[in-house]
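Protein chains in written order, with my numbering: chain A, 323 to 511; chain B, 4 to 306. Quick reminder that beta carbons are idealized off the backbone N, C-alpha and C, glycines included. Computed from a predicted structure; not experimentally measured.
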């Protein structure tokens with residue numbers, strides 16, 4: 323059965339017997355001072371071209387009325403934090419919306435592309451920031467790294483952008499998209 | 004040549020997490036198209052293997068695979084076959100039939116039609132994999148959740164697409180289940196489960212998969228609780244002996260599944276890790292760290 327599923331791989335020469343204490347080199351441990359992390363993936367313009375290649379975009383100046391806000395909240399079950407919309411009409415049909423969601427530990431800016439029919443075409447994360455409350459309190463401890471990042475061999479957030487173990491939820495984006503689809507029905511359609 | 008390689012990074016929400024793809028290639032258009040196709044491959048896995056989506060192949064199996072078999076797509080069947088093998092070689096520790104128990108403890112939404120009794124203990128041995136990609140349950144009440152393996156599989160699928168597209172190197176990271184391939188290495192931070200805002204150690208990962216399971220974000224699911232969704236299938240109890248387990252393996256599917264096995268049975272998993280060419284790093288409840296003897300030869304530290 324192992325052969326069929328491809329589970330069998332090359333057996334390493336050393337046998338894993340027991341757990342041994344893990345001691346990281348001091349320089350590596352110093353690298354643990356990652357103050358959350360921030361990732362920027364796309365600018366608004368890049369996201370527009372990624373979702374609607376070759377199209378042109380016409381930004382609309384829309385502010386939701388209190389009635390529209392209530393309507394969107396009751397349709398989606400999600401709170402509307404900002405009544406000002408960042409929305410573009412796409413040449414050839416469709417909509418491009420930039421939105422922000424705030425989680426317990428993270429702050430995400432994303433773009434939603436809607437087809438002319440109002441269905442979801444694509445979602446792209448523009449910007450993702452992780453924040454932790456206690457890190458603010460540890461600001462003085464972080465001071466020791468100020469000014470060292472450019473030449474020091476420390477791998478700070480700029481380098482270590484990828485984290486294993488970040489089981490980050492996309493739940494807030496799901497809620498945001500739900501809210502934007504209701505916004506489309508109420509204010510754009 | 005390598006210095007002319009541009010890097011492109013994209014992130015989209017999939018599989019209940021944020022999936023990030025980094026591609027290094029000297030041809031930007033090739034990289035862009037490769038990333039689009041890789042995300043498409045991930046969305047296929049999401050569509051077929053989601054426990055939460057009532058239209059997925061997995062949900063059809065859960066709703067209809069008793070008494071008659073249900074036919075599924077080739078990929079879902081492949082993941083089920085892998086799950087069966089992992090169930091066997093782990094002595095029953097890896098068991099995707101724990102879904103009803105997770106529902107009871109609140110980690111998964113209750114299945115449409117309400118919760119069936121879990122008094123009859125089910126295991127993956129109650130799942131029959133038949134010819135023609137068909138799946139059948141031996142009795143009612145069995146339910147599968149591929150959450151412990153599908154994310155890793157999605158990463159492997161995306162990597163296969165990127166490799167076929169001919170990019171120089173790439174990294175696919177699905178909320179901590181990640182895999183790097185190609186000529187360059189990628190710095191990866193391992194979180195300290197005691198302080199999730201900090202990484203504990205940095206690794207350079209090259210042509211390898213890495214997955215981490217931990218308890219640090221479980222409080223999002225159950226307020227105040229510091230337990231992760233790890234269920235010992237033999238006891239049907241939530242376990243939380245280790246704070247986190249990171250596994251390095253040749254494929255993300257295997258790494259993903261092995262983190263669950265290491266979390267549940269750290270004392271007896273070494274033979275299996277070894278057999279699957281895997282290395283592991285764990286945090287015990289005191290925050291002390293241990294690794295398998297092959298860990299250091301697997302990685303060079305990033306600093």
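Short Cβ contact (8 Å threshold) for residue i with residue j
| i | j | result |
| --- | --- | --- |
| residue 12 of chain B | residue 23 of chain B | yes |
| residue 497 of chain A | residue 420 of chain A | no |
| residue 215 of chain B | residue 247 of chain B | yes |
| residue 492 of chain A | residue 16 of chain B | yes |
| residue 69 of chain B | residue 61 of chain B | no |
| residue 260 of chain B | residue 133 of chain B | no |
| residue 450 of chain A | residue 21 of chain B | yes |
| residue 44 of chain B | residue 161 of chain B | yes |
| residue 158 of chain B | residue 138 of chain B | no |
| residue 249 of chain B | residue 284 of chain B | yes |
| residue 344 of chain A | residue 292 of chain B | yes |
| residue 59 of chain B | residue 71 of chain B | no |
| residue 143 of chain B | residue 213 of chain B | no |
| residue 141 of chain B | residue 131 of chain B | yes |
| residue 402 of chain A | residue 382 of chain A | no |
| residue 26 of chain B | residue 34 of chain B | yes |
| residue 446 of chain A | residue 433 of chain A | yes |
| residue 368 of chain A | residue 508 of chain A | no |
| residue 81 of chain B | residue 127 of chain B | no |
| residue 185 of chain B | residue 173 of chain B | yes |
| residue 251 of chain B | residue 301 of chain B | yes |
| residue 152 of chain B | residue 295 of chain B | no |
Residue-level contact to chain B via CB, residue i, 8 Å cutoff
| i | result |
| --- | --- |
| residue 492 of chain A | yes |
| residue 495 of chain A | yes |
| residue 342 of chain A | yes |
| residue 509 of chain A | no |
Closer than 8 Å to chain A by CB, residue i
| i | result |
| --- | --- |
| residue 293 of chain B | yes |
| residue 19 of chain B | yes |
| residue 53 of chain B | no |
| residue 245 of chain B | no |
| residue 14 of chain B | yes |
| residue 296 of chain B | yes |
| residue 284 of chain B | yes |
Residue i versus the options, residue with shortest Cα-Cα distance
| i | options | result |
| --- | --- | --- |
| residue 370 of chain A | A:504, A:393, A:501, A:413 | A:413 |
| residue 289 of chain B | B:197, B:201, B:203, B:276 | B:197 |
| residue 442 of chain A | A:422, A:424, A:388, A:504 | A:504 |
| residue 278 of chain B | B:146, B:267, B:297 | B:297 |
| residue 435 of chain A | A:428, A:424, A:411 | A:411 |
| residue 183 of chain B | B:209, B:164, B:177, B:203 | B:209 |
| residue 499 of chain A | A:406, A:422, A:384, A:391 | A:422 |
| residue 19 of chain B | B:265, B:179, B:190 | B:179 |
| residue 287 of chain B | B:87, B:268, B:299 | B:268 |
| residue 28 of chain B | B:171, B:83, B:270, B:256 | B:171 |
| residue 372 of chain A | B:76, B:42, B:129, B:63 | B:42 |
| residue 448 of chain A | A:406, A:362, A:494 | A:362 |
| residue 506 of chain A | A:384, A:424, A:360 | A:384 |
| residue 77 of chain B | B:91, B:56, B:52 | B:52 |
| residue 379 of chain A | A:393, A:409, A:392, A:360 | A:409 |
| residue 440 of chain A | A:424, A:431, A:415 | A:415 |
| residue 444 of chain A | A:424, A:417, A:342 | A:417 |
| residue 495 of chain A | A:510, A:431, A:511 | A:431 |
Residue i at chain E interface by Cβ criterion, 8 Å
| i | result |
| --- | --- |
| residue 254 of chain B | Looking for chain E here will not work: the only protein chains present are A and B. |
In the region 21–40 of chain B, which residues sit with their C-beta less than 7 Å from some C-beta in chain A, listed in chain order? The residues in question are 21.
Interface positions of the region 360–391 of chain A facing chain B (Cβ-Cβ less than 8 Å), listed along the chain: Answer set for the region 360–391 of chain A: 361, 363, 364, 372.
May I have a chain-ordered list of the alpha helix (DSSP H) segments no shorter than 4 residues that lie completely inside the region 123–153 of chain B? Within the region 123–153 of chain B, no alpha helix (DSSP H) run of at least 4 residues lies entirely inside it.
What residues from the region 430–451 of chain A come within 7 Å of chain B, judged by C-beta to C-beta, listed N to C? For the region 430–451 of chain A, which is checked against every Cβ of chain B, the residues closer than 7 Å are 445, 446, 447, 450.
What ranges does the alpha helix (DSSP H) occupy inside the region 256–296 of chain B, keeping only unbroken runs of at least 4 residues that lie completely in it? Runs of the alpha helix (DSSP H) spanning 4 or more residues and lying entirely within the region 256–296 of chain B occur at 273–278, in chain order.
Go through the region 375–415 of chain A residue by residue and report every complete run of the beta strand (DSSP E) that reaches 3 residues or more, in order. Listed in chain order, they are 379–385, 406–412.
Quick check on the DSSP output: what are the complete alpha helix (DSSP H) runs of length 4 or more inside the region 36–73 of chain B, in order along the chain? The region 36–73 of chain B contains these whole alpha helix (DSSP H) runs: 60–67.
Please name the residues in the region 257–276 of chain B whose beta-carbon is closer than 8 Å to at least one beta-carbon of chain A, in chain order. Only 257, 269, 273, 274, 276 from the region 257–276 of chain B bring a Cβ to less than 8 Å from some Cβ of chain A.
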